[in-house]
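Only one structure is covered here, and it is reproduced in the block below.
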Amino acid sequence: MIDPFYPVVPDAGWVARLVPAGARFIQLRIKDQPEDELRRQVREAKAVCEAHGADLIVNDYWRIAIDEKCRWVHLGQEDLVDADVRAIRRAGLLLGVSTHDHAELEKGLAADPDYVALGPIYPTLLKKMPWAPQGLERIAEWKKMIGNKPLVAIGGLTVERARLCLAAGADSAAVVGDIVNHADPLGQTRAWIAATRVAA
8 MIDPFYPVVP DAGWVARLVP AGARFIQLRI KDQPEDELRR QVREAKAVCE
58 AHGADLIVND YWRIAIDEKC RWVHLGQEDL VDADVRAIRR AGLLLGVSTH
108 DHAELEKGLA ADPDYVALGP IYPTLLKKMP WAPQGLERIA EWKKMIGNKP
158 LVAIGGLTVE RARLCLAAGA DSAAVVGDIV NHADPLGQTR AWIAATRVAA
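Numbering (the working numbering), first residue to last: 8 to 207.
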């Protein structure tokens, strides 16, 4: 259901760059923008994904995802507390959730998500994390606990680390910095696609 290569990008412009380059499952994670700008970017990103047969995952903004008739929404733990999961399901959206420890996994599974994300697998410089890196061993543990739901590994991933995560049992490897901060993001996207789709 989900692609082994899962880029997470900060605006619709990145969606327009990476989807034509081969990304098929991409998260739009926008921060600190007014609602009209959020809606504009979700619409723009959704149009690009539909034109290329890709899936757009909207981070956090579940009401906008419903209004814009998106297919996926991803919720972090704080957003999961406030979100109306029943409304999300009534609208026909698929749901991904973030988890970092056993308590969060329990809360996340209570929402019956369509995938579970675990992180950070490795140290990440993108944001301060109160959790220690999970390591590859936790991937196998999480996979047993979530059953047949897809597992997404995230946090500090490179192409080589993504291969290790997939080999350890993850179904998909999510990447932020190794694409958006790379000197050649399109070349790096192609390297990720080659590595992860072969590994999967």
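Just so it is clear, CB atoms sit at the ideal spot from N, CA and C, and this is done for glycine as well.
* Short check: CB of residue 55 to CB of residue 182, under 8 Å? -> As a working mapping, residue 55 is identified with position 48 in the sequence shown. As a working mapping, residue 182 is identified with position 175 in the sequence shown. In this structure, residue 182 does not lie closer than 8 Å to residue 55 by Cβ.
* Asked: For the beta strand (DSSP E) that contains residue 81, what are its first and last residues?
  -> Here residue 81 corresponds to residue number 74 of the sequence shown, with the count starting at 1. That run of the beta strand (DSSP E) goes 79-82.
* **Alpha-carbon to alpha-carbon, residue 125 and residue 152** => In the sequence shown, counting from the first residue as 1, residue 152 sits at position 145. In the sequence shown, counting from the first residue as 1, residue 125 sits at position 118. Rounded to whole angstroms, residue 152 and residue 125 show a C-alpha spacing of 12 Å.
* Take the Cβ of residue 194 as the centre, count every other Cβ of all protein chains shown within 10 Å, and call the residue buried at 16 or more, exposed below. => Locating residue 194 in the sequence shown gives position 187, counting from the first residue. Its Cβ having fewer than 16 others within 10 Å, residue 194 is exposed.
* Asked: What do you get for residue 43, buried or exposed, if any count of 16 or more other CB atoms within 10 angstroms of its CB means buried?
  -> As a working mapping, residue 43 is identified with position 36 in the sequence shown. Exposed, since its Cβ has fewer than 16 Cβ neighbours within 10 Å.
* Would you check if the segment 139-146 and the segment 87-105 touch, i.e. whether three or more CB-CB distances between them fall below 8 Å? => With the cut-off at 8 Å, the segment 87-105 and the segment 139-146 do not touch.
* Between the Cα of residue 92 and those of 107, 178, 204 and 72, spot the shortest distance and give me the residue it belongs to. => Against the sequence shown, residue 92 aligns to sequence position 85. Here the closest residue by C-alpha is 72.
* Are there 16 or more other CB atoms within 10 angstroms of the CB of residue 31, so buried, or fewer, so exposed? -> For the purposes of this step, residue 31 is identified with residue 24 of the sequence shown, where counting begins at 1. That one is buried.
* **Nearest to residue 122 (by Cα), restricted to the options 106, 94 and 202** => By one-based count along the sequence shown, residue 122 stands at place 115. Among 106, 94 and 202, the Cα nearest to that of residue 122 is on 106.
* Do residue 87 and residue 118 have their C-beta atoms within less than 8 Å of each other? -> Along the sequence shown, read from residue 1 onward, the residue named residue 87 stands at position 80. Along the sequence shown, read from residue 1 onward, the residue named residue 118 stands at position 111. Taking 8 Å as the Cβ cut-off, residue 87 and residue 118 qualify as a contacting pair.
* **beta strand (DSSP E) segment containing residue 175, residue limits** => As a first step, residue 175 must be located in the sequence shown, where it is residue number 168. Unbroken run through residue 175: none, as it is neither H nor E.
* **Residues sharing a beta bridge with residue 195, DSSP** => Here residue 195 refers to the residue found at position 188 when the sequence shown is read from its first residue. Paired residues: none, contrary to the question.
* Asked: Who does residue 66 pair with in a DSSP beta bridge?
  -> For the purposes of this step, residue 66 is taken as residue 59 along the sequence shown, with counting starting at 1. Beta-bridge pairing links residue 66 to 81.
* To do: Assuming residue 146 and residue 110 form a contact by the criterion Cβ under 8 Å, report the distance between their Cβ atoms to the nearest whole angstrom.
  => On the sequence shown, position 139 is the one that residue 146 refers to. On the sequence shown, position 103 is the one that residue 110 refers to. Not quite, the Cβ-Cβ distance comes to about 18 Å (not below 8 Å), so this is no contact.
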